[in-house]
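Encoded as structure tokens, the structure appears first; notes follow it.
There are 2 protein chains.
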Amino acid sequence: MNQRLTPRKQPRQKRSQETCAIILEAAARILESDGLGGLTTNRVAEIAGVSVGSLYQYFPSKEAILAEMIRGLRRSLLLDCEAAVETVRGRPLSDAVDVMVRASLRHHLVRPGLARVLERAEEELPLEEDLKAIKGELMTLVTGVLEERDVANAGQAAFDLIALSHGLASAAIAGGETDLENLFQRLRRAALGYLGLQSDRTGSDAGGVSAA
Amino acid sequence: MNQRLTPRKQPRQKRSQETCAIILEAAARILESDGLGGLTTNRVAEIAGVSVGSLYQYFPSKEAILAEMIRGLRRSLLLDCEAAVETVRGRPLSDAVDVMVRASLRHHLVRPGLARVLERAEEELPLEEDLKAIKGELMTLVTGVLEERDVANAGQAAFDLIALSHGLASAAIAGGETDLENLFQRLRRAALGYLGLQSDRTGSDAGGVSAA
DNA sequence: TTATAATGTGAGCTTTTACTCGCATCACGC
DNA sequence: GCGTGATGCGAGTAAAAGCTCACATTATAA
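As you go down the protein sequences, you meet chains A and B in turn. With our numbering applied, the first sequence corresponds to residues 10 to 221, in that order. With our numbering applied, the second sequence corresponds to residues 10 to 221, in that order.
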């Protein structure tokens with residue numbers, strides 16, 4: 010009953026590695042155009058230009074394809090955030106918030122439709138250990154950043170900041186917003202506000218929200 | 010090709026109204042235990058103790074069942090929020106934020122699993138006009154509350170507050186949190202922080218987050 | 001009671017879809 | 001060249017799921 014979500018076999022030759030990549034890209038395009046409901050193994054194979062047999066050589070189930078895509082997405086987010094944090098070693102909290110918010114925002118903006126669908130898919134899949142581990146690493150990363158800046162309750166703050174940023178970014182991008190800078194300012198305001206820091210630049214045009 | 014998501018016919022007698030309710034409740038239970046993937050028309054009918062034929066008499070498709078459940082959920086949230094806003098007529102912004110946050114939190118806590126699944130379903134369904142209207146009314150309500158309290162950019166602030174509250178509440182409840190009061194304090198902090206107001210009560214035990 | 005409309009039934013039709021398997025083709029070491 | 005394992009193929013299978021329809025039962029009104 011329990012189906013594996015990991016690849017059936019590792020591709021050994023270049024040819025087969027390309028086949029895997031082509032299959033994943035085809036699945037991505039289908040998800041972007043038709044959503045989760047449009048994703049069928051036959052169709053993925055067709056769009057990819059390979060046979061179903063080849064597909065099942067590397068992915069033991071439809072869910073395995075989704076799981077692999079989600080792994081890739083999560084890994085890239087984690088790497089981006091780690092790199093971003095590196096650039097603000099020793100700098101104050103607001104700078105750290107800035108780069109992390111920017112990193113996660115960039116991440117939402119590459120193939121936004123795909124990211125959304127994969128997040129939904131992730132909730133329906135029985136999430137795997139390695140995926141939980143990646144999520145945990147992100148939490149750890151953010152918690153560390155906050156702890157180093159003497160934020161109390163860093164673990165909970167990390168959780169909350171990730172969740173609220175995610176909620177705001179998702180909603181905005183789903184709503185078709187494209188003004189990256191405006192969205193960034195709002196995310197920044199929310200995050201700094203939660204942390205009890207006043208967002209600066211309140212004098213500028215994109216400025217204050219509260220009472221005039 | 011386009012399938013209707015509205016009930017096929019209105020139930021005229023008491024008996025059939027009960028049948029409708031029983032069907033919706035059965036669907037809810039299935040969603041809670043097995044998620045979207047477990048929802049099949051045959052199974053809904055079986056759990057409800059009615060025949061598939063009866064089901065299709067009132068719901069022209071599986072999606073129509075989901076749409077009806079979503080409508081119910083949204084309507085109840087809107088009504089709760091409207092009632093909450095009524096109670097703080099003429100009171101300051103922080104009080105208004107309080108009651109609205111509490112209302113939406115309560116709303117997440119009744120059958121939390123069901124609410125989550127329905128939200129996912131809503132994204133996959135081609136969302137209907139009447140659902141968009143309900144969402145719009147909520148936006149209008151919150152925008153009005155903010156405008157009356159002289160919040161600049163009230164429309165955008167309403168959007169952002171709804172989105173970030175939703176993100177935080179969803180994540181927390183999905184993570185199994187049950188301490189309603191603690192969660193409320195964090196939501197409140199996030200919302201007031203975004204609005205540029207300091208969260209008071211910073212002296213208490215659940216208090217300040219920023220640097221010690 | 002009886003006519004009529006509303007409601008309820010469930011076997012089964014139809015379509016879709018995940019997945020298999022026997023065979024063909026290709027790459028690479030000898 | 002040639003043998004062996006890796007890769008690729010796609011018609012076909014079996015199961016699942018959405019939905020219909022001819023018929024049975026129940027309620028309402030005359």
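Ideal placement from N, C-alpha and C gives every residue a C-beta, glycine not left out. Small disclaimer: the values here were computed from a predicted structure and weren't measured.
Query raised in the report: With a cut-off of 8 Å, does the C-beta of L177 of chain B fall near any C-beta of chain A?
Result: If you number the second sequence from 1, residue 177 of chain B lands on position 168. Closer than 8 Å: yes.
Query - Local conformation of R68 of chain A per DSSP, three classes - result: Residue numbering aside, residue 68 of chain A sits at position 59 when the first sequence is read from its first letter. The identity of residue 68 of chain A in the sequence shown is Phe, whereas the question assumes Arg. The answer is coil: DSSP assigns F68 of chain A none of H, G, I, E or B.
Requested in this report: Answer with buried or exposed for A221 of chain A, where buried requires no fewer than 16 other C-beta atoms within 10 angstroms of its C-beta.
Outcome: Translated into the one-based positions of the first sequence, residue 221 of chain A becomes position 212. Summary for A221 of chain A: the model assigns pLDDT 41, below 50, so the residue's position carries little reliability, and this model does not support an answer.
Query raised in the report: Do three or more CB pairs link the stretch 168-180 of chain B to the stretch 49-69 of chain B at distances below 8 Å?
Result: no
Query raised in the report: Going along chain B in order, which residues have a C-beta closer than 7 Å to the C-beta of R195 of chain A?
Result: On the first sequence, position 186 is the one that residue 195 of chain A refers to. The contacting residues are D169.
Query - Same chain only: Cβ atoms within 8 Å of E41 of chain A, ignoring 5 sequence neighbours per side - result: Against the first sequence, residue 41 of chain A aligns to sequence position 32. So the list reads R120, G122, L123 and V126, once near-sequence residues are dropped.
Query raised in the report: Does the beta-carbon distance from L45 of chain B to E77 of chain B come in below 8 Å?
Result: The count along the second sequence starts at 1 and reaches residue 45 of chain B at position 36. The count along the second sequence starts at 1 and reaches residue 77 of chain B at position 68. Their beta carbons are not under 8 Å apart, which means L45 of chain B does not touch E77 of chain B by this criterion.
Report task. Given a cut-off of 8 Å, decide if I182 of chain B and L118 of chain B are closer than it, judged by their beta-carbon atoms. Result -> Locating residue 118 of chain B in the second sequence gives position 109, counting from the first residue. Locating residue 182 of chain B in the second sequence gives position 173, counting from the first residue. Cβ distance < 8 Å, so L118 of chain B and I182 of chain B count as in contact.
Report task. Could you tell me which of A:L177, A:Q194 and A:V154 sits nearest to E91 of chain A, measuring between CA atoms? Result -> Here the question's residue 91 of chain A lines up with position 82 in the first sequence. Among A:L177, A:Q194 and A:V154, the Cα nearest to that of E91 of chain A belongs to A:V154.
**Report entry** Contacts that A180 of chain B makes with chain A (C-beta to C-beta distance below 9 Å)
**Finding:** One-based indexing of the second sequence puts residue 180 of chain B at position 171. Those within 9 Å of A180 of chain B in chain A are F168, D169, I171, A172, L173, H175 and G176.
Report task. Confirm, please, whether the CB-CB distance from V110 of chain B to R197 of chain B is below 8 Å. Result -> Within the second sequence, the letter at position 188 stands for residue 197 of chain B. Within the second sequence, the letter at position 101 stands for residue 110 of chain B. Going by C-beta atoms, R197 of chain B is nearer than 8 Å to V110 of chain B.
Report task. Count the other CB atoms, across all protein chains shown, that sit within 10 Å of the CB of T152 of chain B; report buried if there are 16 or more and exposed otherwise. Result -> Indexing the second sequence from 1 puts residue 152 of chain B at position 143. So T152 of chain B ends up on the buried side.
**Report entry** Exposure of G212 of chain B, with buried meaning 16 or more beta-carbon neighbours within 10 Å
**Finding:** As a first step, residue 212 of chain B is located in the second sequence; it is residue number 203 there, counting from the start. Confidence at G212 of chain B is low in this model, with a pLDDT of 37, below 50, so its placement is unreliable and the value that follows should be read with caution. Classification of G212 of chain B: exposed, given that the 10 Å Cβ count is below 16.
Query raised in the report: Which one of B:N51, B:I74 and B:E157 has the shortest CA to CA distance from G97 of chain B?
Result: For the purposes of this step, residue 97 of chain B is taken as the residue at position 88 of the second sequence. Note on identity: in this sequence residue 97 of chain B is Val, with Gly being the wrong assignment. It is B:E157 whose Cα lies nearest to the Cα of V97 of chain B.
Query - DSSP three-state assignment for S60 of chain A, whether helix, strand or coil - result: On the first sequence, residue 60 of chain A is found 51 positions in, with the first residue counted as 1. Residue state, collapsed to three classes: coil.
Query raised in the report: Taking Cβ positions, are H116 of chain B and L75 of chain B nearer each other than 8 Å?
Result: Translated into the one-based positions of the second sequence, residue 116 of chain B becomes position 107. Translated into the one-based positions of the second sequence, residue 75 of chain B becomes position 66. Result no, Cβ atoms of H116 of chain B and L75 of chain B do not sit closer than 8 Å.
Query - Amino acids of chain A, ordered along the chain, whose beta-carbon sits closer than 9 Å to that of G44 of chain B - result: In the second sequence, counting from the first residue as 1, residue 44 of chain B sits at position 35. Near G44 of chain B (Cβ distances below 9 Å), the residues of chain A are E132 and E133.
Query - Partners in chain B for R129 of chain A, counting only beta-carbon separations shorter than 7 Å - result: To locate residue 129 of chain A, count along the first sequence from 1; it is residue 120. What R129 of chain A touches in chain B: R129 and E132.
Query - Best match in B:I143, B:Y203 and B:A178 for proximity to D169 of chain B [C-alpha to C-alpha] - result: Translated into positions along the second sequence, residue 169 of chain B becomes position 160. Among B:I143, B:Y203 and B:A178, the Cα nearest to that of D169 of chain B belongs to B:Y203.
Query raised in the report: Helix or strand or just coil, what does DSSP make of L206 of chain A?
Result: Along the first sequence, read from residue 1 onward, the residue named residue 206 of chain A stands at position 197. DSSP places L206 of chain A in coil when its eight states are reduced to three.
**Report entry** Span of the alpha helix (DSSP H), counted from its first residue to its last, around G222 of chain B
**Finding:** Coverage of chain B is limited to positions 10 through 221, which leaves residue 222 of chain B absent and any answer about it impossible.
Query raised in the report: What separation, rounded to the nearest whole angstrom, lies between the Cα atoms of D214 of chain A and N191 of chain A?
Result: As a first step, residue 214 of chain A must be located in the first sequence, where it is residue number 205. As a first step, residue 191 of chain A must be located in the first sequence, where it is residue number 182. Here D214 of chain A scores only 40 on pLDDT, less than 50, and its place in the model should not be relied on; the value that follows carries that caveat. If you take the alpha carbons of D214 of chain A and N191 of chain A, they lie about 11 Å apart.
Report task. Flag this pair as yes or no: are the beta carbons of R83 of chain A and I143 of chain A separated by less than 8 Å? Result -> Along the first sequence, read from residue 1 onward, the residue named residue 83 of chain A stands at position 74. Along the first sequence, read from residue 1 onward, the residue named residue 143 of chain A stands at position 134. A contact, by the Cβ cut-off of 8 Å.
Query - C-beta atoms of R38 of chain B and I56 of chain B nearer than 8 Å - result: Taking the first residue of the second sequence as 1, we reach residue 38 of chain B at position 29. Taking the first residue of the second sequence as 1, we reach residue 56 of chain B at position 47. Cβ atoms of R38 of chain B and I56 of chain B: closer than 8 Å.
Query - Proximity winner among A:S103, A:E131, A:R129 and A:Q26, relative to A200 of chain A (alpha-carbon distances) - result: Counted from its first residue, the first sequence places residue 200 of chain A at position 191. With distances taken between Cα atoms, A200 of chain A lies closest to A:S103.
Query raised in the report: Do the CB positions of S53 of chain B and A35 of chain B come within less than 8 Å of each other?
Result: Counting from 1 along the second sequence, the entry for residue 53 of chain B is found at position 44. Counting from 1 along the second sequence, the entry for residue 35 of chain B is found at position 26. A quick correction: the sequence has Val, not Ser, at residue 53 of chain B. In this structure, A35 of chain B lies closer than 8 Å to V53 of chain B by Cβ.
Query - Check whether D89 of chain A and A105 of chain A have beta carbons under 8 Å apart - result: For the purposes of this step, residue 89 of chain A is identified with residue 80 of the first sequence, where counting begins at 1. For the purposes of this step, residue 105 of chain A is identified with residue 96 of the first sequence, where counting begins at 1. No.
Query - Three-way DSSP call (helix, strand, coil) for A221 of chain B in this model - result: What you label residue 221 of chain B is simply residue 212 of the second sequence in a count that begins at 1. Confidence at A221 of chain B is low in this model, with a pLDDT of 41, below 50, so the placement of that residue should be treated as unreliable; the coordinate-derived value is given next. Correct three-state label for A221 of chain B: coil.
Query raised in the report: What's the call for T149 of chain B, buried or exposed, on a 16-neighbour Cβ count within 10 Å?
Result: Here the question's residue 149 of chain B lines up with position 140 in the second sequence. Exposed, since its Cβ has fewer than 16 Cβ neighbours within 10 Å.
Requested in this report: From the DSSP output, in three-state form, read off L134 of chain B for me.
Outcome: As a first step, residue 134 of chain B must be located in the second sequence, where it is residue number 125. Coil.
Query - For A180 of chain A, the first and last residue of its enclosing alpha helix (DSSP H) - result: Here the question's residue 180 of chain A lines up with position 171 in the first sequence. Looking at the DSSP string, the run of the alpha helix (DSSP H) that includes A180 of chain A is A163 to A183.
Query raised in the report: Which two residues bound the contiguous alpha helix (DSSP H) that contains D188 of chain B?
Result: Counting from 1 along the second sequence, the entry for residue 188 of chain B is found at position 179. Element bounds for D188 of chain B: n/a, residue is neither H nor E.
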